[in-house]
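Input: a single structure, listed below in structure tokens.
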Ligand SMILES: *Cc1c(COP(=O)(O)O)cnc(C)c1O
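Numbering (the numbering used here), first residue to last: 7 to 477.
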């Protein structure tokens, strides 16, 4: 394809993209396809000879789009948002055109230098402490793995990378029973073993109990294990629980345990000064991650990972074969030493576009709208006799269930709400995820798509009530 042909197809596709953004509400939120539907419409063999782009694009529209769940639909209330916005999409187009691999400063100085600056912009926007150094990771899971690896290296006197884990006694990680599975996954990969992940008990607000953490650390130490890493949450996935960072940080400091804060979703809300109470004590953390690719209008993937001691991270992850040596070493940052993969996309560009185009105040307005809508929806549900709030709102997330007077058997209520959820999602006009809150089946309502307005939330609440009362 030459440049002229590219130009022609690109214009056609940009027109499609603009229409898509404009009309995304016309699609069902969750793909309405059965397993194998899409695969059955694709040829099993790769074509021997090249095909026309018009045909490829036509197939994209007729085969792929029906199999897409529309995360940018303003009635998407499932999981957490993976929101985007037009400035971010434009930057991704440019990033794809440049096609740069930004593993070293030398392999694209602009990408490295802009990444350092964007992480500093974000640090100031979120009020995170000075002295934190940022790097963009592919995911919060990747950042948690980096934290577990750095903690393991430090706790074993920098020997586990060189000698493997067999030589050392067990390293132990701690997180709350409400925390995201990324800690368990990271601990398995990093050689802690699932048996050495302690899920610490939580209080009535689903937050980690610091006394329980201290007791677990002391018990492990008494048994000859090495308490190594605590992963505290600022906004858990299920209910949005916030662990108390100050007492947890003090325990970590007293016991020389690495503290990582998983703020994957909640961290974006730190751009709102009124939400910064949840960061009290964050200066005691060794690292923190939050995902602009969740709730900051920036396309997946973009995770902001902050570390207090970059040398410890680099010492854990760096490798230096001959072909990666460059003469600028020592004067510049080579971000390949800061993450698990070697290759890196130019992710800072979309942040630069997003922050400049929306402005910090523009971003705050969107988050404030989402939080206000969640507060309102929670209020409607709390006031409705045959519904109840199962876990109170945290930022823009809460859990609820249908609870008609006629049913008081818990198992029956679980079944009823499961049926309700499936009907809602099959209908295609909204999309929610299920949750278990202390054993109770709940419907989880997360608000955060860039364009979600009051009318979408109102319409969803009407559909929920109608569907429930029809069961
Ligand atoms: C989404 C989420 C993660 C995982 O994020 P990825 O970037 O997909 O790895 C981890 N922790 C919490 C609390 C999350 O909400």
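Yeah, the Cβ is synthetic: ideal placement off N, Cα and C, and Gly gets one too.
Residue(s) in a DSSP beta bridge with residue i
i	result
residue 264	235
residue 452	403
residue 439	450
residue 66	Note: residue 66 sits in no beta bridge, so no partner.
residue 57	Answer by DSSP bridge pairing: none, since residue 57 is not bridged.
residue 309	143
residue 220	In DSSP, residue 220 forms no bridge with anything.
residue 397	405
residue 240	248
residue 335	338
residue 99	According to DSSP, residue 99 bridges with nothing at all.
residue 82	437
residue 109	Residue 109 is not bridged to any residue.
residue 214	208
Host beta strand (DSSP E) of residue i (start-end)
i	result
residue 413	Where residue 413 is concerned, there is no enclosing beta strand (DSSP E), given that its DSSP letter is neither H nor E.
residue 296	293-296
residue 179	177-182
residue 138	Neither: residue 138 is in no beta strand (DSSP E) and is coded neither H nor E.
residue 290	First-last for residue 290: undefined, no H or E at that position.
residue 206	203-206
Cβ pair residue i, residue j closer than 7 Å
i	j	result
residue 151	residue 192	yes
residue 344	residue 326	no
residue 101	residue 355	yes
residue 431	residue 36	yes
residue 262	residue 110	no
residue 453	residue 379	yes
residue 188	residue 239	no
residue 332	residue 107	no
residue 81	residue 376	no
residue 282	residue 133	yes
residue 88	residue 352	no
residue 427	residue 449	yes
residue 219	residue 278	no
residue 178	residue 233	yes
residue 423	residue 98	no
residue 159	residue 322	yes
residue 142	residue 180	no
residue 310	residue 128	yes
residue 300	residue 86	yes
residue 184	residue 208	yes
Integer-rounded CB distance, given that residue j should sit under 8 Å from residue i
i	j	result
residue 400	residue 237	That pair is no contact at about 18 Å.
residue 182	residue 214	4 Å
residue 83	residue 406	About 11 Å separates the two Cβ atoms, so there is no contact after all.
residue 451	residue 383	7 Å
residue 425	residue 477	6 Å
residue 446	residue 131	With a Cβ gap of about 37 Å, residue 446 and residue 131 do not count as contacting.
residue 316	residue 139	5 Å
residue 255	residue 248	Not really, about 14 Å apart at Cβ, beyond 8 Å.
residue 92	residue 39	That belief does not hold up - the Cβ atoms of residue 92 and residue 39 are roughly 27 Å apart, past 8 Å.
residue 303	residue 114	The pair is not a contact, with the Cβ atoms about 24 Å apart (cut-off 8 Å).
residue 392	residue 409	6 Å
residue 94	residue 359	6 Å
residue 79	residue 33	7 Å
residue 153	residue 235	6 Å
Continuous alpha helix (DSSP H) stretch holding residue i: start and end
i	result
residue 189	188-195
residue 470	460-475
residue 375	354-388
residue 323	316-323
residue 27	9-29
residue 271	It is not in any alpha helix (DSSP H) - residue 271 carries neither H nor E in the DSSP assignment.
residue 122	115-132
residue 168	166-169
Any non-hydrogen atom of ligand 2 closer than 6 Å to residue i Cβ
i	result
residue 186	Looking at this structure, you won't find ligand 2 anywhere; what it does contain is ligand 1.
Note to self: With a threshold of 8 Å, are at least 3 pairs of Cβ atoms found where one atom belongs to the segment 266-278 and the other to the segment 94-110?
What the structure shows: Contact annotation: the segment 266-278 does not touch the segment 94-110, with fewer than three C-beta pairs closer than 8 Å.
Note to self: Three Cβ pairs or more, each shorter than 8 Å: is that satisfied between the segment 196-213 and the segment 152-168?
What the structure shows: Under the Cβ criterion (8 Å, minimum of three pairs), the segment 196-213 counts as touching the segment 152-168.
Next item on the list: Say whether the segment 284-296 touches the segment 254-268, bearing in mind that this needs 3 or more beta-carbon pairs closer than 8 Å, one atom from each stretch.
Entry: Yes, the segment 284-296 touches the segment 254-268.
Check: Would you call the segment 59-76 and the segment 15-27 touching, i.e. three or more CB-CB distances under 8 Å?
Finding: Touching, yes, given that three or more Cβ pairs across the two stretches are closer than 8 Å.
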